[in-house]
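Heads up, the thing below is written out as structure tokens.
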């Protein structure tokens, strides 16, 4: 499935631009890192708060401020990631690490959906064991995604 | 709590430190390949340029550098264009794949470092 997507995207003018432009790839790469800071710096803090760190900060306003930043980070990374995928589609399709990364993203987004369905977009009130479990899953899955992403170039 | 987190983070990043570093360490720099031949199927693109070259009766994949680095150092697509003999100095992959990563290119009398 990834191979088919790679073959399709490699033939598009978008892919030609992504690989051919001297700037597209390094810019997408840089934007990807900055957006990752938004994601992990945003949701990571909310996760840590739910796990019991810095309890003096009220959870609801913290989440209200940081969750949109994290979500914006994800949206930006979809675009920067698509640009880098298009430029190097054939190698990505063959990369085991890239596949692991996609699975981790799917799990992390599933975790987001589960959390929102169960506790709402912005968590408030008492932080129970269930909330903590999903917060820990969020922290591990997004961190794992970032690690897998970084390792694509090295494996 | 913070201590536990630090331990967890360390464990989580262990595979990253245990794994070999990017590209260059996948290649055997003790075996220097020197090829004088024209590049075929040149892709002047990112994340790095690629081409194919005939070496020892086989077609090898050639891994170049990112476009902006090559151009900043004075290597252009035209200099290594079709039919132009260039000298490649690089290393073969350790796993035996017929692929070489290029350390330096000499084209039109000019030598450009790619690392």
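Protein chains in written order, with my numbering: chain A, 1 to 155; chain B, 1001 to 1115. C-beta: ideal position from N, C-alpha, C; glycine also. Computed from a prediction, not measured in an experiment: that's the story for all the values here.
May I ask you to verify whether the segment 81-92 of chain A touches the segment 6-26 of chain A, counting CB pairs closer than 8 Å and requiring at least 3? yes
How many whole angstroms separate the CB atoms of residue 39 of chain A and residue 142 of chain A, which I take to be in contact at a CB cut-off of 8 Å? 6 Å
Report task. Determine whether the Cβ of residue 26 of chain A lies closer than 8 Å to any Cβ atom of chain B. Result -> yes
Where residue 152 of chain A falls: helix, strand or coil (DSSP):
helix
Kindly indicate which residue of A:5, A:15 and A:76 has the alpha-carbon position closest to the one of residue 34 of chain A. A:76
Taking the alpha-carbon of residue 1065 of chain B as reference, which of B:1043, B:1106, B:1048 and B:1086 has the nearest alpha-carbon? B:1048
DSSP three-state label for residue 1040 of chain B, please. strand
Residue 20 of chain A touches chain B at which residues, Cβ-Cβ below 7 Å? 1045
query: Around the C-beta of residue 120 of chain A, are 16 or more other C-beta atoms found within 10 angstroms, so that it is buried, or is it exposed?
result: exposed
Once the 5 residues before and after residue 49 of chain A are set aside, which same chain residues still bring their CB inside 7 Å of it?
57, 59 and 62
For chain B, check one thing: does any of its Cβ atoms lie closer than 8 Å to the Cβ of residue 87 of chain A?
yes
Could you check whether residue 44 of chain A and residue 139 of chain A sit closer than 8 Å to each other, using their CB atoms as the reference points? yes
Practice task
Could you check how far apart the C-beta atoms of residue 1074 of chain B and residue 1035 of chain B are, in whole angstroms? I think they sit under 8 Å.
Solution key: So it is not a contact: roughly 21 Å between Cβ atoms.
(request) Check residue 92 of chain A in the structure and name its three-state DSSP category. (result) helix
>> Between residue 1071 of chain B and chain A, is any beta-carbon pair separated by less than 8 Å?
In response: yes
Exercise for review: Within its chain, find whatever has a CB closer than 8 Å to the CB of residue 1015 of chain B; leave out the 5 residues flanking it on each side and keep chain order.
Suggested key: With a pLDDT of 46 at residue 1015 of chain B, under the threshold of 50, the modelled position of this residue cannot be trusted; read the value that follows with caution. Hits under 8 Å: none found.
Note to self: Among the candidates B:1024, B:1072, B:1096 and B:1104, whose CA atom is the shortest distance from the CA of residue 1058 of chain B?
What the structure shows: B:1096
**Prompt:** For residue 1062 of chain B versus residue 1044 of chain B, is the C-beta distance shorter than 8 Å?
**Reply:** no
* To do: Go through its chain and collect everything with a Cβ distance to residue 1020 of chain B's Cβ below 8 Å, but skip five positions before and after it.
  => With a pLDDT of 34 at residue 1020 of chain B, under the threshold of 50, the modelled position of this residue cannot be trusted; read the value that follows with caution. Here the set comprises 1026.
Supposed close pair residue 118 of chain A, residue 130 of chain A - CB separation, criterion 8 Å
7 Å
Q. Of all the CB atoms in chain A, is at least one closer than 8 Å to the CB of residue 1018 of chain B?
A. Note that residue 1018 of chain B has pLDDT 35, beneath the 50 cutoff, so the model's placement of it is unreliable and the number below is only indicative. So no, residue 1018 of chain B is outside the interface.
- Query: Counting along the chain, where does the beta strand (DSSP E) carrying residue 1055 of chain B start and finish?
  - Reply: 1050-1055
Identified DSSP bridge partners for residue 1100 of chain B = B:1062 and B:1092
Counting only C-beta atoms, is residue 1067 of chain B closer than 8 Å to chain A at any point?
yes
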